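Q: FYI, the numbering for the sequence shown is -7 to 467, going by our numbering. By construction, the Cβ of each residue, glycine as well, lies at the ideal position given by its N, Cα and C atoms. The structure displayed is predicted, hence computed values, not measured ones.
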Amino acid sequence: MKTSCRGIRDLTSAYDKMVKLFMPESVAIVGASRKPGKIGYVILQNLLESGYKGRIYPVNPHADEILGVKCYPSLKELPEAPDVVIVAVPADKTISVAEEAGEKGAKFLVVITSGFSEVGNVELEKKLVETARKYGMRILGPNIFGIAYAPANLNATFGPPELLPGKIGFITQSGALGIALMGWTVTMGIGLSTIVSIGNMSDLDAIEISEFLAEDPNTAVITIYLEGLKEGRGKEFLEKMSMITKKKPVVIIKAGRSRRGQRAVASHTGSLAGADVVYDAAFRRAGVIRVDTIEELFDVARALAYSPPPLNDKLLIITNGGGAGVMATDATEKYGVELLEVPEDLKERFRKHMPWFGSPHNPVDITGQATDVEYSGSLMEALQDDRVGGVIILVCQTAVLDFKKLAEAILKVVKDAKEKGFSKPVLVSMIGGKEAMDAMMMLEKNHIPTFSIPERAVYAYSQLVKYYFKIRKGR
Ligand code: ACO
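1) Looking at S185 and the ligand ACO, is the gap between the Cβ and the nearest heavy atom below 8 Å?
2) Straight-line CA distance for D364 to F349?
3) The ligand ACO and P82: does the residue's C-beta get closer than 8 Å to at least one heavy atom of that ligand?
4) Between which two residues does the beta strand (DSSP E) carrying K306 extend?
5) Given K397, which residues of its chain have a CB within under 7 Å of its CB, disregarding the five upstream and five downstream residues?
6) Is DSSP giving M(-7) helix, strand or coil here?
7) Any idea which residues DSSP pairs K62 with across the strands?
8) Any heavy atom of the ligand ACO closer than 8 Å to the beta-carbon of T105?
9) With H, G and I counted as helix, E and B as strand and the rest as coil, what does DSSP make of M193?
10) Quick check on the DSSP output: what are the complete alpha helix (DSSP H) runs of length 4 or more inside the region 426 to 459, in order along the chain?
11) Using a Cβ-Cβ cutoff of less than 8 Å, which residues in the same chain neighbour I58 once the five nearest sequence positions on both sides are dropped?
12) Would you say the beta carbon of P301 is closer than 8 Å to some non-hydrogen atom of the ligand ACO?
13) Considering only residues of the same chain and omitting the five flanking positions on each side of N145, which have a CB-CB separation below 8 Å?
14) Kindly indicate which three-state DSSP category Y44 falls into: helix, strand or coil?
15) To the nearest angstrom, report how far apart L70 and P16 are at their CA atoms.
16) In the DSSP assignment, the beta strand (DSSP E) including M422 goes from what residue to what residue?
17) Between the region 398 to 415 and the region 325 to 338, are three or more C-beta pairs nearer than 8 Å?
18) Run the proximity test for G49: is its beta-carbon closer than 8 Å to any non-hydrogen atom belonging to the ligand ACO?
19) Say the cut is 8 Å; is the CB of R249 nearer than that to a heavy atom of the ligand ACO?
20) Any contact of the region 436 to 447 with the region 406 to 423, i.e. 3+ C-beta pairs under 8 Å?
21) Are three or more beta carbon pairs between the region 295 to 312 and the region 378 to 386 nearer than 8 Å?
22) Please classify P352 as buried or exposed, where buried requires at least 16 neighbouring CB atoms within 10 angstroms.
23) Comparing the CB of S194 with every heavy atom of the ligand ACO, is any distance shorter than 8 Å?
24) Using 10 angstroms around the beta-carbon of K(-6), count the other beta-carbons present and answer buried if the total reaches 16, otherwise exposed.
25) Is the beta carbon of I245 sitting closer than 9 Å to the one on T285?
26) Find out if the Cβ-Cβ distance for the pair G170, G158 is shorter than 9 Å.
27) Using only the alpha-carbon positions, how far apart do K30 and A399 sit?
28) Using a threshold of 8 Å, is the CB atom of S368 nearer than that to any non-hydrogen atom of the ligand ACO?
29) Considering only their Cβ atoms, is the gap separating I160 from A212 smaller than 9 Å?
30) Nearest CA to the CA of E110: which residue from S370, S166, L307 and K227?
31) Once the 5 residues before and after D56 are set aside, which same chain residues still bring their CB inside 8 Å of it?
32) Counting along the chain, where does the beta strand (DSSP E) carrying V213 start and finish?
33) Between P74 and the ligand ACO, is there a pair consisting of the residue's CB and a ligand heavy atom that are separated by less than 8 Å?
34) Which one or two residues does DSSP pair with R282 in a beta bridge?
35) Going by beta carbon distance, what residues of the same chain come within less than 7 Å of D378, once the five residues before and after it are set aside?
36) Give every residue of the same chain whose Cβ lies closer than 6 Å to the Cβ of M10, excluding the five residues on either side of it in the sequence, and list them in chain order.
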């Protein structure tokens, strides 16, 4: 499917329409609680602690102030129309809150509350949507944990307070999983631009949020945990995602592959899990990368977010361990990655960075006695040679290798090469103990994607090649 001018205009207008949800000038929290630990309290606390610079209005008829912030008895009393109203009151109170928000002139309702279509309360959800529509408001939710957007220091969730800023946008239909992943990504050093809980998708869904992220300069890759689309959204999904994936990669983990999984989906968010083959075909046509596990989701996302495009489809592997090299080679066959047949002149150059018993073939084996010096030398050769499309560095722990020094050396070589005009993906897999973990964290923080085992690096690389040489080119 070709991207038309109209398509690009559509994306831009979707961005403009949604920018105040991600970068609101003011946020009201209806149901801000006085009691630590309650959802309405935690959301206010997170908003305050995240360093959000906009105006915050807690709303609770029983309090004058909460966490040192002046509290209002109702939305009517606010000094202005808030861009976003977070709704954290029980389900039976949400319609009157929506009415008040509409009358006040709010733009977005972020409805945390559960107890709607996911438990069969379809009518109440319909009423909520109708009320919002009457006033031209858009709804995120209900049945969500909120929204966080790192560039605006906005954490309007009841998840963990911190978010590691980065370039991966994450949309999740599962609340609990999303909250869990907020903490997990911080621990793993994975930076997010945003995390958006979409829950029942009564109004805004994964398609519209993706349209915003496609235009968002702070997001390089869109990742989605999806259980299913709402009825009648299939055609739009295909059309919009076909446009978005030409601009930015979209990586989806679609749960409910099995028949039992599909039943679980229906009772979780009330969406249509549908026949898996239908989703599979739609993803392929739309250029969406489908993965099976959370690990794969973020492996692929990190590789795509932080790597320049490969120069060509030929990969070069540098290793200090034959076994790791063999495993990676097997993985290239499994995932359809082409290995470069190293030309003689390049072999000669690699030989300068290894002992006589090393191997300049691909994988280039600089042997178990390699230090950061041999890695630096061979990596620079690979980066400077246009026949190498991208590089995977494999490192097995040895007593002669200082992991910290090696991580520093890799960063320096990549930086030096870039300054000389040589830029291509470099993915790293370090196998070892704590030193390996620390070194990988250092690389990760400096935007070199790292992987605990070679196969994961090769899989992520295969998706880089797929994105740049197939999806983006419309093949
Ligand atoms: N306007 C403003 N404040 C009000 C109003 C009103 N009309 N009515 C009540 N309040 C106040 C209450 O007095 C209370 O404040 P207090 O604690 O200081 O007394 C506060 O608002 C909250 O109201 P409660 O009646 O105490 O409601 P509670 O906090 O128990 O529950 C909630 C509200 C959290 C929205 C609940 O109904 C709910 O839906 N929980 C589930 C949320 C959820 O899990 N969402 C999905 C997330 S994803 C996942 O699965 C993790």
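A: If we stick to the structure as given:
1) no
2) 18 Å
3) yes
4) K306 to T311
5) D364
6) For M(-7), the predicted structure reports a pLDDT of 44, less than 50, and the residue's modelled location is therefore unreliable. The matter cannot be settled from this model.
7) E57
8) yes
9) coil
10) 426 to 437 and 446 to 458
11) A24, S25, R26, Y33, L36, P50 and N52
12) no
13) S42, G43, Y44 and K45
14) coil
15) 16 Å
16) V418 to I423
17) no
18) Checking the sequence shown, residue 49 turns out to be Tyr, not Gly. No, the ligand ACO has no heavy atom inside 8 Å of this Cβ.
19) no
20) yes
21) yes
22) buried
23) no
24) For K(-6), the predicted structure reports a pLDDT of 45, less than 50, and the residue's modelled location is therefore unreliable. The matter cannot be settled from this model.
25) yes
26) no
27) 43 Å
28) no
29) yes
30) S166
31) K62 and C63
32) V213 to L218
33) no
34) I244
35) L303
36) F204
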